[in-house]
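Sequential numbering of the sequence shown, starting at 5, is according to the numbering used here. Note that beta-carbon positions come from the ideal geometry of N, C-alpha and C, so glycine has one too. Please read all numbers here as calculations on a predicted model, not as lab measurements. This report refers to the structure that appears directly beneath it.
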Amino acid sequence: MTKTMIKLKNIRKIYDLGEVKVEALKGVSLEVKEREFTVIMGPSGSGKTTLLNMVGALDLPTSGRIIVDGIDITDFSEDQVGYIRCKKIGFIFQFFNLLPLLTAAENVELPMLFKGELTPAESTARAKELLTIVGLGDRIYHRPSELSGGQQQRVAIARSFANNPSLILADEPTGNVDTLTAVEILRLMKRLNREEGQTFVIITHDPGVAGVASRSIYVLDGEIALSLPPGVAPPSDHIAKRMYEDINVKIQKISKLKVQIEQFKSDLNLFLKRKNEIEPSLYHRTKDEYVRRINDLQKTILAAVESTKEEFIFDQIKKGKDDE
5 MTKTMIKLKN IRKIYDLGEV KVEALKGVSL EVKEREFTVI MGPSGSGKTT
55 LLNMVGALDL PTSGRIIVDG IDITDFSEDQ VGYIRCKKIG FIFQFFNLLP
105 LLTAAENVEL PMLFKGELTP AESTARAKEL LTIVGLGDRI YHRPSELSGG
155 QQQRVAIARS FANNPSLILA DEPTGNVDTL TAVEILRLMK RLNREEGQTF
205 VIITHDPGVA GVASRSIYVL DGEIALSLPP GVAPPSDHIA KRMYEDINVK
255 IQKISKLKVQ IEQFKSDLNL FLKRKNEIEP SLYHRTKDEY VRRINDLQKT
305 ILAAVESTKE EFIFDQIKKG KDDE
């Protein structure tokens, strides 16, 4: 039986602005299962950010109960809630929220230093490992100003995984990058969701992001909407198609590399048969070069195959299922 990662029970949130009281959430009940990749959509002012804040223990409800990974945090003290956030929840923000004077590695280390369970040396090692996983192994010592928007978001994703949380919350993670970078970021998030097992909850206005989610939740006027709200675009497969096209390109590349290897092997076999006709030094140099080229191509193919395994088959993306 799949575990429930998030459970909200009849959540109401009222902001008291003096003479005006704003009811941002009106009795919202919601469950998100472990390993889900869930998207929350809704028009501006609908209450979706307030809902994410409740899930992430960044704010507490006026009434109702919040249960995160089996723990009811509703009546926790500020210190207790802070500990839950640090231990169980990772955050990814639209504008990255990186500290500009720290390197990528130092930004990723911060949550581990706050938690205090690892030594500084262990925190540094894990930060480097996470940056390598997100494809920034060669940018470890770069500061945010030396990174592109997509690279900064990858640092933010690595930081969200620092304490190995059960839950990752993302507020418009693709909202400040171009389409190509958005595809790369979503591919990375889906891969981490599949391989690391974290539950993802994402706020977005992008129907393409909703198109790769396992579930879309719509919020309208502080309530969960039973159908697509006015002004909200339905889920789109334009990002999923882009992922699919990228997979096809990789498959074509692998096929071409295999043809090259077979050609090199054929040439090498013909060359070896002429051993007695060729000057020994030239023979050995040429043979070694052929072997080196074949080995290099085989390594390239293995890397391409491994990368392709991390992607999602198109029909599985459209069904919102993970590639097992």
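For residue i, the first and last residue of its enclosing alpha helix (DSSP H)
i, result
"Asn197", "Thr183 to Glu200"
"Asn57", "Lys52 to Val59"
"Ile137", "Pro124 to Ile137"
"Pro211", "Pro211 to Ala214"
"Arg163", "Gly153 to Ser164"
C-alpha distance - residue i paired with residue j, whole-angstrom precision
i, j, result
"Pro47", "Leu12", "21 Å"
"Thr42", "Leu274", "57 Å"
"Val181", "Val187", "10 Å"
"Pro148", "Val159", "9 Å"
"Phe97", "Leu56", "12 Å"
"Thr66", "Met58", "11 Å"
"Lys323", "His209", "Low local confidence applies: a pLDDT of 42 at Lys323 is under 50, so the model's placement there is unreliable, and no value is given."
"Arg329", "Ala108", "What is shown of the chain runs 5 to 328, which leaves residue 329 out entirely."
"Arg278", "Lys269", "15 Å"
"Ile172", "Glu23", "36 Å"
"Glu121", "Glu150", "30 Å"
"Ser272", "Gly141", "One detail in the question is off: residue 272 reads as Leu in this sequence, not Ser. Using only the alpha carbons, I get a separation of about 36 Å."
"Gly49", "Gln264", "57 Å"
"Ile71", "Lys7", "12 Å"
"Glu35", "Ile305", "42 Å"
"Ser152", "His288", "46 Å"
"Gly4", "Ile206", "This structure leaves residue 4 out entirely; the chain is present only between 5 and 328."
"Asn299", "Phe165", "35 Å"
"Ile18", "Thr54", "10 Å"
"Leu261", "Ser285", "29 Å"
"Arg69", "Arg143", "42 Å"
"Gln156", "Leu276", "51 Å"
"Leu117", "Ala129", "12 Å"
"Thr78", "Leu64", "7 Å"
Buried versus exposed call for residue i [16 or more other C-beta atoms within 10 Å across all chains shown]
i, result
"Tyr222", "buried"
"Leu196", "buried"
"Ser4", "Here the chain comprises residues numbered 5 to 328, so residue 4 is not present and cannot be evaluated."
"Asp292", "exposed"
"Glu113", "buried"
"Phe204", "buried"
"Ala217", "buried"
"Ala125", "exposed"
"Glu283", "exposed"
"Gln84", "exposed"
"Ile75", "exposed"
"Leu134", "buried"
"Thr178", "buried"
"Glu40", "buried"
"Gly51", "buried"
"Asp327", "Residue placement at Asp327 is poorly supported in this model, since its pLDDT is 42, which falls under 50; the coordinates still yield a value, given next. Under this definition Asp327 is an exposed residue."
"Lys92", "buried"
"Asp20", "exposed"
"Arg89", "buried"
Those residues which DSSP pairs with residue i across a bridge
i, result
"Lys30", "Arg16"
"Val205", "Thr42 and Leu173"
"Lys25", "Asp20"
"Leu224", "Glu227"
"Val36", "Ile10"
"Arg219", "Thr42"
Check: residue i C-beta below 8 Å from any heavy atom of the ligand HEM
i, result
"Lys37", "Ligands in the displayed structure: none, and consequently the ligand HEM is not present."
Inset, instruction - Would you mind listing the alpha helix (DSSP H) stretches within the segment 41-109 that are 4+ residues and don't spill past its ends, in chain order? - result: 52-59 and 82-92
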